[in-house]
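Residue numbers for the sequence shown, in UniProt numbering: 1 to 221.
Have a look at the structure below, then the notes.
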Amino acid sequence: MMQRRDWGEVPYDTTFDAMRRFTEARTPDTPDELWLVKHPPVFTQGVAGKEEHLLMPGDIPVVRSNRGGQVTYHGPGQVVIYPLIDLRRLGIFVKEYVFRLETAVIQTLEHWGVIGFRVNSAPGIYVNLADPFAAGLPTGPRQDPFEGLGKIAQLGIKVSNHCTYHGVSLNVAMNLEPFLRINPCGYAGLRTVDLSTLGVSADPAEVSERLADRLAAHLSH
Numbered sequence: 001m002m003q004r005r006d007w008g009e010v011p012y013d014t015t016f017d018a019m020r021r022f023t024e025a026r027t028p029d030t031p032d033e034l035w036l037v038k039h040p041p042v043f044t045q046g047v048a049g050k051e052e053h054l055l056m057p058g059d060i061p062v063v064r065s066n067r068g069g070q071v072t073y074h075g076p077g078q079v080v081i082y083p084l085i086d087l088r089r090l091g092i093f094v095k096e097y098v099f100r101l102e103t104a105v106i107q108t109l110e111h112w113g114v115i116g117f118r119v120n121s122a123p124g125i126y127v128n129l130a131d132p133f134a135a136g137l138p139t140g141p142r143q144d145p146f147e148g149l150g151k152i153a154q155l156g157i158k159v160s161n162h163c164t165y166h167g168v169s170l171n172v173a174m175n176l177e178p179f180l181r182i183n184p185c186g187y188a189g190l191r192t193v194d195l196s197t198l199g200v201s202a203d204p205a206e207v208s209e210r211l212a213d214r215l216a217a218h219l220s221h
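Below, the structure is given as structure tokens:
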């Protein structure tokens, strides 16, 4: 049975240490968990994070993490969920796990009428800024693969001994300015959006519960 824990607002590095300790201590019989959290403003650098993607962090702290990917931002008004999953017990590999995380986000956005979609080789979920309620990935050749797109959800994971930590963040009603201080996920000029920017009024707590429901549905064995 998957456990669900809502930790409220917790500093990123505190949560990071707790996830790592949980994963190191777990056994084949340890139940999987979903951790629902909110973080005070923080930039996090992935294990391969390049300093040039941190443009001007200013007064927001930068924390080195052992998740995959480049730099991202966490802050108030963002839903963050960390699935602590034994992939071997679930019977899936990392690629399938990422696909299921993204599917859960897409289904959550659909509840609020927003069409979210994937972009090849760029983990996370995106929307078509011209019409996020009716249009998916723009068709035809484009020099810039992110032209006309906004990123609404970020993914970053770590797998240790077949067990996952870190996870997914979904932008609901944020101050998006800090994303301008970085190249989000390593992509210069990539626009970041939230549901509020798209004209959707949603309670972050309700979004968090719905996303947790979808994650539990896709990650339970």
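All C-beta atoms, glycine included, are put in the ideal place defined by N, C-alpha and C.
Every value quoted in this text rests on a predicted model; they were computed, and no experiment measured them.
Distance between residue j and residue i (C-alpha atoms, nearest Å)
i    : j    : result
E144 : R64  : Checking the sequence shown, residue 144 turns out to be Asp, not Glu. The alpha-carbon atoms of D144 and R64 are separated by roughly 29 angstroms.
L155 : L198 : 20 angstroms
R5   : T139 : 41 angstroms
F133 : I115 : 6 angstroms
I152 : W35  : 20 angstroms
H53  : V71  : 7 angstroms
S208 : D194 : 14 angstroms
F179 : R214 : 27 angstroms
Identity of the residue in the options nearest residue i by Cα
i    : options                   : result
R181 : E9, T27 and F43           : F43
L84  : G150, G167 and I152       : G167
R118 : W112, Q107 and F93        : Q107
I157 : P40, D6, M1 and F93       : F93
G113 : D131, E96 and A188        : D131
T192 : T164, V200, N171 and A205 : N171
Close beta carbons around residue i, own chain, < 8 angstroms, minus the five adjacent residues each side
i   : result
G91 : H221
Three-state secondary structure (DSSP) of residue i
i    : result
D86  : strand
R5   : strand
P204 : helix
Y165 : strand
Sequence-distant residues of the same chain with beta carbon closer than 6 angstroms to residue i, five excluded per side
i           : result
V37         : W7, V10, T15 and V80
residue 233 : The chain is shown only over 1 to 221; residue 233 falls outside these bounds and no answer can be derived.
For this session: With a floor of 4 residues, list each alpha helix (DSSP H) that falls wholly inside the stretch 94 to 140, ordered by position along the chain.
Result: 94 to 111
Exercise. Which full runs of the beta strand (DSSP E) of 3+ residues lie inside the stretch 15 to 78, going along the chain?
Worked result: 33 to 38, 42 to 45, 62 to 64 and 72 to 74
Exercise. Residue ranges of each beta strand (DSSP E) run of no fewer than 3 residues wholly in the stretch 148 to 200, ordered along the chain?
Worked result: 149 to 160 and 163 to 171
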